[in-house]
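Numbering (the numbering used here), first residue to last: 13 to 506.
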């Protein structure tokens, strides 16, 4: 018999949501009179509106199902629950408000306030209830009280092994792997062998699993169809582990050509034209405002660069932009112009103020012009030079994925302090995460955090320079020099 207790969570959660919404309706009626000093008596003698509100509370659970509030993933990720409840409640209460507009002689302050209060209370209490539900489910499954019996079918050892590792790391998913069925899978996969493909039907009848997970490598269609049919004949759910599982992150990656499904392995929110139009509009408006707000700093910096360093005020650096297109990125000139021919400008001493401009990010203010030109965005991965891109791409073939979005003046990597050529793996993972999970709210959060991060970096660097000048170190001894050379040599060999 199947484990039908798995369906009890959505059912109970559904009824709890109805009770929460009815409760918030009653509380809202009690709160409104405390906020509005004068309420006509006839407001409370409109049973039709009360009935509509009550029916909306009862029908809300159906709308929640439409927004996948009770899906399996929603019980495992609180963030998905937040988005689902917000979208569903926004639809419910905006519809109620529009319906109230159709009613004759409605006292708008009362009904508008009532609907607004119930929207806030309902969303807040439903999220609190869901957090408690998720915690209870995780605890229940971690203690192995409810498990989905699973059998792995296939010959792809690596994919099956990764799946088993994730099951062990996340016991809250409530999966118990009984074993695997296959011919060529290695013994170190992490579970027991139950048999071969030829006796799959007998194995399913003996162990009666709730689901079968296929870890396929390459099969002919006829053979694979026969294996799936054996599961379907026993009403066993079938799942497929993709060989390139690392590329599958969202159901939105699935599309169709006729009856054939296709999976876009590099689909990102930035492919949505409406979202990118909004991001572009935000960039233009915000960059114009920032240019006006930072105009005194820009003029002061330009004057300082002109008189202190000599040479040009601006620098133009070739950088890689969206989809690998190159562009000229602007920066303030912060190094002294070499006086002698052949003198390396990087060896030439730079002032502390120039170092401060770089550490604080003030030297990057001219990049607002790049934003207005559409070559950059306010928020995004930092652009690389073509030479650095070739070097980084040789180290990691996935490096180009960060350029599926426009490069930015600031970004998630910057506020996490992944700058320069260090922490390449962390910086790349952060940049790709930003591109694949972009939202306008994350852009706003990064922009608000950037000034604090830049200021702290500038202060730390200035303090380090003061310490270095105030406490000169003695030259290293011969033994210390020898030890350091050994360390360098070992690092080069490794």
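Even glycine gets a Cβ: it sits at the ideal position worked out from N, Cα and C.
For residue i, which residues from the same chain have a beta carbon less than 7 Å from its beta carbon, with the 5 sequence-adjacent residues on both sides left out?
| i | result |
| --- | --- |
| residue 67 | none |
| residue 171 | 227, 253, 255 and 257 |
| residue 482 | Interpretation of residue 482 is limited by its pLDDT of 38, a score under 50 that renders its predicted location unreliable; no figure is taken from the coordinates. |
| residue 191 | 163, 203, 204, 205 and 206 |
| residue 45 | 51 |
| residue 306 | 377 |
| residue 446 | 393, 423 and 424 |
Give every residue of the same chain whose Cβ lies closer than 6 Å to the Cβ of residue i, excluding the five residues on either side of it in the sequence, and list them in chain order.
| i | result |
| --- | --- |
| residue 175 | 253 |
| residue 198 | 169 |
| residue 327 | 343 and 345 |
| residue 461 | 427 |
| residue 187 | 160, 162 and 179 |
| residue 219 | 190 |
Residue range of the beta strand (DSSP E) that residue i falls in?
| i | result |
| --- | --- |
| residue 166 | 160 to 166 |
| residue 191 | 187 to 193 |
| residue 421 | 420 to 422 |
| residue 331 | 326 to 332 |
| residue 209 | Counting along the chain, residue 209 falls outside any beta strand (DSSP E), and DSSP gives it neither H nor E. |
| residue 341 | 338 to 344 |
| residue 249 | 249 to 252 |
| residue 390 | 389 to 391 |
| residue 50 | Neither: residue 50 is in no beta strand (DSSP E) and is coded neither H nor E. |
| residue 224 | 223 to 227 |
Contact defined as beta carbons within less than 8 Å: I believe residue i pairs with residue j. What is the distance between those atoms, to the nearest angstrom?
| i | j | result |
| --- | --- | --- |
| residue 282 | residue 95 | In fact, because the Cβ distance is near 18 Å, the residues do not count as touching under 8 Å. |
| residue 223 | residue 249 | 4 Å |
| residue 216 | residue 242 | 6 Å |
| residue 391 | residue 459 | 6 Å |
| residue 12 | residue 221 | The question about residue 12 has no answer here: the residues shown for the chain are numbered 13 through 506. |
| residue 208 | residue 189 | Their Cβ separation, rounded to whole angstroms, is 18 Å, which puts residue 208 and residue 189 out of contact at 8 Å. |
| residue 388 | residue 420 | 6 Å |
| residue 314 | residue 325 | 5 Å |
Which residue marks the beginning of the alpha helix (DSSP H) containing residue i, and which one marks its end?
| i | result |
| --- | --- |
| residue 366 | 364 to 372 |
| residue 170 | 169 to 181 |
| residue 307 | 307 to 320 |
| residue 201 | Taken as a continuous stretch (DSSP letters only), residue 201 belongs to no alpha helix (DSSP H), as it is neither H nor E. |
| residue 448 | 436 to 448 |
| residue 255 | Taken as a continuous stretch (DSSP letters only), residue 255 belongs to no alpha helix (DSSP H), as it is neither H nor E. |
| residue 243 | 233 to 244 |
| residue 404 | 398 to 407 |
| residue 197 | Counting along the chain, residue 197 falls outside any alpha helix (DSSP H), and DSSP gives it neither H nor E. |
| residue 381 | 379 to 384 |
Quick check: the Cα distance between residue i and residue j, rounded to an integer number of angstroms?
| i | j | result |
| --- | --- | --- |
| residue 476 | residue 365 | The predicted position of residue 476 is uncertain, since its pLDDT is 43 and thus under 50; a value taken from the coordinates is nonetheless stated next. Those two C-alpha atoms are separated by around 14 Å. |
| residue 286 | residue 140 | 32 Å |
| residue 24 | residue 126 | 27 Å |
| residue 225 | residue 79 | 26 Å |
| residue 442 | residue 410 | 13 Å |
| residue 322 | residue 345 | 9 Å |
| residue 195 | residue 181 | 27 Å |
| residue 121 | residue 105 | 15 Å |
| residue 451 | residue 379 | 22 Å |
| residue 360 | residue 347 | Model confidence at residue 360 stands at a pLDDT of 42, short of 50, so the residue's coordinates are unreliable; what they give is reported in the following sentence. When rounded, the distance between both Cα atoms is 8 Å. |
| residue 405 | residue 244 | 45 Å |
| residue 29 | residue 48 | 28 Å |
| residue 4 | residue 453 | Since the first and last residues shown for the chain are 13 and 506, residue 4 lies out of range. |
| residue 512 | residue 124 | A query on residue 512 cannot be resolved here, the shown segment of the chain reaching from 13 to 506 and no further. |
| residue 146 | residue 377 | 45 Å |
| residue 41 | residue 98 | 22 Å |
| residue 408 | residue 288 | 28 Å |
| residue 237 | residue 185 | 28 Å |
| residue 375 | residue 448 | 29 Å |
| residue 91 | residue 210 | 43 Å |
| residue 457 | residue 311 | 28 Å |
| residue 386 | residue 100 | 35 Å |
| residue 367 | residue 320 | 13 Å |
| residue 316 | residue 413 | 39 Å |
| residue 70 | residue 33 | 8 Å |
| residue 395 | residue 114 | 54 Å |
| residue 338 | residue 369 | 25 Å |
Please work out which residues of its chain come closer than 8 Å, Cβ to Cβ, to residue i, disregarding the five sequence neighbours upstream and downstream, and give them in chain order.
| i | result |
| --- | --- |
| residue 26 | 73, 76, 77 and 82 |
| residue 64 | 108 and 111 |
| residue 397 | 329, 330, 331 and 332 |
| residue 167 | 194, 195, 196, 197, 227, 228 and 229 |
| residue 31 | none |
| residue 251 | 223, 224, 225 and 226 |
Under 7 Å from any heavy atom of the ligand MN, does the C-beta of residue i make it?
| i | result |
| --- | --- |
| residue 102 | Inclusion of the ligand MN in the displayed structure is not the case, the ligand content being empty and no account of it being possible. |
Contact between the segment 128 to 144 and the segment 26 to 40 (3+ Cβ pairs under 8 Å): yes
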